[in-house]
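Residue numbers (mature numbering (1 follows the signal peptide of the UniProt record, and there is no 0)): -22 to -1, 1 to 345.
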């Protein structure tokens, strides 16, 4: 078992096993973004950084965004852009298409202020980035008590940088600790040493914390679309464990934004959220589940699978996947453009080898 597979059941198995239906008891939850966000870079490792600009955009559930500000540690400040709309450069190109940028260090923490809280994320821009060519945008979301350095750079993580082979823009957001305050992630991959989560601590049903995290994703997406050439029809999410929960939450509450999802050992939307606010939410989904996972049990994984199967209009019949390996099956009868692939592995609560690569191939296969 991976060194990253221990300890989670102690932290939240009880909440998960009860369907994760009760609200968290934490006090003073972070309020969702009240419009707009500010951006900057914070250097946590060597390399050049550059100030970024950010668009106004929609500040999540907090209302329409205002012009955002940007600055940089050791870099030049960016200009402001209000209005929040994403213009187009081509059919699916964002307003950042055609804009020259300095490629940021992929190990330098970037920041956005959302709802008065400083939020951190890493971004990987391909070395061959061409601002005239729209790229898919993929989020890699860490699990409970982990950090975004693990998600981006640890060999036991998604390995999306290697798997996408400079064909996508990658963003790795950092969750908040249980008390909702913000702190820079360590420069080292972490597990069990920094309390970080999505939607509040387990059982992950704190509506205000979930809305604050959704507003953070809104801000990151708007920032990326404003500053980089993003294919707005190809936005995806990959998440492990509680990051898988957040991946499903994004599908449930931001269905018009995300084209495909890849939860790994992640639960929800069933029972783990008060409601699925986008009642028509349906997504292309590739899901990975461990047969011996004692934290997110096979029963929870199957409930998640069945939720998306129903939303995608799939039947109960499956066929072995010719595209994603013997461990995966493809559901038949799904609505056009909404495939469902369910992959199993014999291990426990971990990211199995190849899961990130399968997710990327799945995303590439979508029209």
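By construction, the Cβ of each residue, glycine as well, lies at the ideal position given by its N, Cα and C atoms. Since this is a predicted model, take the numbers as computed values, not measurements.
Between residue 119 and residue 198 the beta-carbon gap is near 11 Å, outside 8 Å, which marks them as no contact. In the displayed model, residue 97 falls within a strand according to three-state DSSP. In this structure, residue 218 places its C-beta atom within 8 Å of the C-beta atom of residue 121.
By the neighbour-count criterion, in which a residue is buried when 16 or more other Cβ atoms sit within 10 angstroms of its Cβ, residue 324 is exposed. In the three-state scheme derived from DSSP, where H, G and I count as helix and E and B as strand, residue 88 is classed as strand. Bounds of the beta strand (DSSP E) holding residue 148 are 147 to 151.
Excluding the 5 residues flanking it on each side, residue 139 has same chain C-beta neighbours closer than 8 Å at 84, 102, 130, 131 and 148, in chain order. Taking C-alpha positions only, residue 156 is separated from residue 175 by approximately 7 Å. Look at residue 341 here: in three-state DSSP terms it is helix. Linking residue 315 to residue 90 through their CA atoms gives a straight-line distance of about 33 Å. Considered as a whole, the stretch 259 to 300 harbours 262 to 268 and 296 to 299 as its complete beta strand (DSSP E) runs of no fewer than 3 residues, in chain order. According to DSSP, residue 200 shares a beta bridge with no other residue.
Look at residue 323 here: in three-state DSSP terms it is strand.
Taking C-beta atoms as the reference points, residue 245 and residue 222 count as a pair closer than 8 Å.
Excluding its 5 nearest sequence neighbours in each direction, residue 312 has C-beta neighbours in its own chain below 7 Å: 290, 291, 292 and 318, listed in chain order.
Within a 10 Å sphere around the beta-carbon of residue 310 sit fewer than 16 other beta-carbons, which makes this residue exposed. Excluding the 5 residues flanking it on each side, residue 77 has same chain C-beta neighbours closer than 6 Å at 109, in chain order. Under a 10 Å Cβ-count criterion, residue 211 is classified as exposed, with fewer than 16 other Cβ atoms of the shown protein chains found around its own Cβ.
The continuous stretches of beta strand (DSSP E) do not include residue 127, which lies in the alpha helix (DSSP H) extending over residues 126 to 131. A residue is called buried when at least 16 other Cβ atoms come within 10 angstroms of its Cβ; residue 269 does not meet this threshold and is exposed. Nearest to residue 322 by C-alpha distance, out of 98, 243 and 82, is 243. Residue 238 is positioned such that its CB atom lies closer than 8 Å to that of residue 263.
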